[in-house]
Amino acid sequence: MRLDGATSTLAIQSPADVLGAVLDTIPGPVEMVGHRVVHGGIAFRETARITPEVKEGIRTYCEFAPEHNRLELEAIEEAERILGSGVPQIAVFDTAFHATIPEPARVYPGPYEWLDRGIRRYGFHGISHQYVSRRAAQMVACDRLVSCHLGNGASLAAIRSGKSIDTTMGFTPLEGLMMGTRSGSLDPGILIYLVRHKGYDAAELDRLLNRESGLKGISGTSGDMREILSAIDQGNERARLAFDIYVHRLCREIGGMVASLGGLDALLFTAGIGENCPPLRAAVCERLSFWGIKLDVAKNAHTPEDADIAAADSAVRVLVVHTDEDWEIARECVRVG
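Numbers given in my numbering equal positions in the sequence shown, counted from 1, plus 77.
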C-alpha cells in the first residue's frame with residue numbers, strides 16, 4: 078500500500094482486507110473512491126461513475142479478464158457496503174485510453190464475425206500511458222510519442238497529440254512484447270501444433286504462455302530483469318539470449334509504433350524496467366541510433382526523477398518518466414466526480 082509517498086506491505090486475503098487497511102490510515106471522511114478496472118471492453122470508452130448498469134457492464138467483461146474484473150467488482154461492492162451509497166465510486170478503465178485507436182489498428186484480420194463477439198484489440202496499461210504522456214508534454218515538445226511501459230508486463234503506445242493511435246497489447250495482455258513471464262506475440266500455429274501433437278489443453282497453454290515464457294522461459298532462471306543482468310555478468314549465455322531477444326523485439330515493435338505515428342519526437346521509458354534499467358535503455362537507443370537518437374551517458378546512468386536523458390544534439394528526445402497510476406486515477410475521479 079502507498080500513502081503520501083510511503084510504501085508498506087500488507088497481508089491481505091480479500092478486497093475487504095485492503096479497504097479496511099486503507100480506511101484505517103485515512104484521517105478524514107472519504108469523499109470519493111477510484112477503482113482501476115482492467116477491462117472496459119467496447120462499452121466503456123472513458124472513466125465512469127459507478128451505477129448498477131456500470132457494474133453489470135464490468136461483470137460482462139469478466140469473461141475477457143477473469144482474474145481482474147471479478148476482484149474489482151468485489152472491491153467496488155465492498156466499498157459500497159462499508160461507505161454507503163452517498164460516497165461516489167468511480168471506475169477508471171485501463172482500456173479506455175486506447176479507445177481512440179483507429180479501426181485498421183484495432184481489428185484483427187480473422188473472420189469479420191469476430192467483431193460481433195468482442196474479439197478485437199483493446200490495449201492495456203492505458204492509465205500509465207495516459208499519465209506519462211501528459212507528463213511528457215510538460216517536459217518537451219512531443220506531438221509524436223512512443224511510450225514504453227516496461228515492467229513484468231510490458232506494452233508500447235503510439236501517442237499523437239495526447240491520444241493513443243496504436244499499441245502492442247491487444248485482445249489480452251498477452252499480445253505484443255516479450256515480458257517477464259509472458260511470451261508476447263507468437264505464431265498461432267505453434268499453439269495448434271501443441272494441441273494436435275503434444276496433447277496440450279487450454280489450461281496448460283495458459284500456464285505456459287503467461288507464467289513460463291518470456292525472460293523466465295528463455296533464461297531458465299528468472300523473469301526479473303535485475304536477475305537477468307546479474308546472470309549475464311556471471312557468464313550465463315541463456316540470460317544473455319533472453320536479454321537480446323527482449324531488446325530485439327522491443328526495437329522491432331518501437332519501429333511499428335513509429336510507422337503508425339509517421340515519425341517520432343520523443344521515446345519514453347517508464348515502469349519498473351523502463352525507469353530503472355540503464356543498460357536496457359542504452360541497448361535500445363544504440364539499436365535505434367539510425368534515427369539520430371543519442372543518449373547522454375551520465376544522465377542515463379542516474380534517473381531518480383523524471384528526466385530527458387537524450388544528448389543535446391539528439392534528433393529525438395529520450396525521456397524517463399516515473400509512472401503514477403494512482404495520481405492519474407485520482408485526477409480522473411476529480412474530473413468525473
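No residue lacks a Cβ here, since even glycine has one placed at the ideal position from N, Cα and C. From a predicted model like this one, the values you see are computed outputs, not experimental measurements.
Exercise for the section: Could you tell me the boundaries of the alpha helix (DSSP H) in which Val217 lies? Expected result: Careful: Val217 lies outside any alpha helix (DSSP H) and carries neither H nor E.
Practice task
Name, in chain order, the residues that DSSP records as bridge partners for Arg113.
Solution key: Partner(s): Val169.
Practice task
Please confirm whether Arg221 and Leu341 have their CB atoms less than 8 Å apart.
Solution key: Contact: yes.
Practice task
Excluding the 5 residues preceding and the 5 following Gly261 in the sequence, name in chain order all residues of the same chain whose CB lies nearer than 6 Å to its CB.
Solution key: Result list for Gly261: Gly253, Leu254 and Met255, in chain order.
Practice task
Work out the CA separation of Asp171 and Leu227 for me, nearest whole Å.
Solution key: When the Cα atoms are used, Leu227 and Asp171 turn out to be separated by approximately 16 Å.
Handout entry: Assigned exposure category for Gly117 - 16 Cβ within 10 Å defines buried
Key = Gly117 is classed as buried because its beta carbon has at least 16 other beta carbons within 10 Å across all chains shown.
Practice task
Alpha carbon to alpha carbon, how far is Ala388 from Asp373? Give it in angstroms, no decimals.
Solution key: Looking at the two C-alpha atoms, the distance is approximately 4 Å.
Practice task
Spatial neighbours of Arg358 within its chain, please: CB distance less than 8 Å, with the 5 preceding and 5 following residues excluded, ordered by chain position.
Solution key: Apart from the 5 residues on each side of it in sequence, Arg358 sits with its Cβ closer than 8 Å to the Cβ of Phe346, Gly351, Leu372, Asn377, Ile386, Val395 and Val397 in its chain, given in chain order.
Problem - Residue environment, Lys293, which counts as buried when at least 16 other CB atoms sit within 10 Å - result: Here Lys293 is buried: its Cβ has 16 or more other Cβ atoms, across all protein chains shown, within 10 Å.
Exercise for the section: Rank Ala120, Gln166 and Val115 by C-alpha distance to the C-alpha of Glu108 and give the top, closest one. Expected result: When each option's Cα is compared against that of Glu108, the closest is Gln166.
Exercise for the section: Please list the segments of the alpha helix (DSSP H) lying wholly inside the segment 279-329, counting only runs of 4 or more residues, in order along the chain. Expected result: Listed in chain order, the complete alpha helix (DSSP H) runs (minimum 4 residues) inside the segment 279-329 are 279-288, 291-296 and 302-310.
Problem - Exposed unless 16 or more other CB atoms sit within 10 angstroms - verdict on Gln207 - result: Around the Cβ of Gln207, a 10 Å sphere holds 16 or more other Cβ atoms; the residue is buried.
Problem - Distance between Gly332 and Ile322 (C-alpha atoms, nearest Å) - result: Pairing Ile322 with Gly332, the inter-Cα distance amounts to about 15 Å.
Handout entry: Minimum C-alpha distance to Arg288 - residue among Ile309, Ala280, Thr258 and Lys275
Key = When each option's Cα is compared against that of Arg288, the closest is Thr258.
Exercise for the section: Pull up the distance between the alpha-carbon of His325 and that of Glu154, whole angstroms please. Expected result: For His325 and Glu154, the distance between alpha carbons rounds to 44 Å.
Practice task
Decide if Asp101 is buried, meaning its Cβ has at least 16 other Cβ atoms within 10 Å, or exposed.
Solution key: Exposed, by the Cβ-count rule.
Exercise for the section: Can you tell me the Cβ-Cβ gap for Arg126 and Val411, rounded? I've got them flagged as a contact below 8 Å. Expected result: Actually they do not touch by this definition, with Cβ atoms about 12 Å apart.
Handout entry: Cβ neighbours of Arg364 in the same chain (closer than 7 Å, five flanking residues each side left out)
Key = The answer, listed in chain order, is Val324 and Cys328.
Practice task
Kindly indicate the opening and closing residues of the beta strand (DSSP E) around Lys240.
Solution key: Bounds of the beta strand (DSSP E) holding Lys240 are Lys240 to Thr244.
Practice task
Mind reading off the beta-carbon distance from Met334 to Ala235? Whole number of angstroms is fine, and I expect it under 8 Å.
Solution key: Going by Cβ atoms, the distance from Met334 to Ala235 rounds to 4 Å, so yes, they are a contact pair.
Problem - Closest Cα partner of Arg122 within the set Gly105, Phe201, Pro106 and Val95 - result: Selected option, being the one with the closest Cα: Phe201.
Practice task
Would you give the residue range spanned by the alpha helix (DSSP H) that Ile406 belongs to?
Solution key: Its alpha helix (DSSP H) spans residues Glu402 to Val413.
Handout entry: Which of helix, strand or coil DSSP assigns to Ala234
Key = Here Ala234 sits in strand by DSSP.
Exercise for the section: Between the Cα of Arg194 and those of Thr137, Pro181 and Ser162, spot the shortest distance and give me the residue it belongs to. Expected result: Among Thr137, Pro181 and Ser162, the Cα nearest to that of Arg194 is on Thr137.
Exercise for the section: Rounded to whole angstroms, what's the CA-CA distance from Tyr199 to Thr400? Just pull it up for me. Expected result: Roughly 21 Å between the two C-alpha positions.
Problem - Alpha carbon of Ala319 to alpha carbon of Gly247, nearest angstrom - result: One C-alpha to the other measures close to 23 Å.
Problem - Nearest neighbour of Pro181, chosen from Arg317, Gly369 and Ile242 [CA to CA] - result: Checked all of Arg317, Gly369 and Ile242; the closest Cα to Pro181 is Ile242.
Practice task
Identify, in the order they occur along the chain, each residue of the same chain with its Cβ nearer than 6 Å to the Cβ of Ser162, setting aside the five sequence neighbours on each side.
Solution key: Same-chain partners within the cutoff: there are none.
Handout entry: DSSP state of Arg194 mapped onto helix, strand, coil
Key = DSSP places Arg194 in helix when its eight states are reduced to three.
Practice task
Ignoring anything shorter than 3 residues or poking outside the segment 113-189, list the beta strand (DSSP E) runs there in chain order.
Solution key: Complete beta strand (DSSP E) runs here, min 3: 166-170.
Exercise for the section: Reducing DSSP to helix, strand and coil, say where Thr102 ends up. Expected result: Reduced to three states, the DSSP call for Thr102 is helix.
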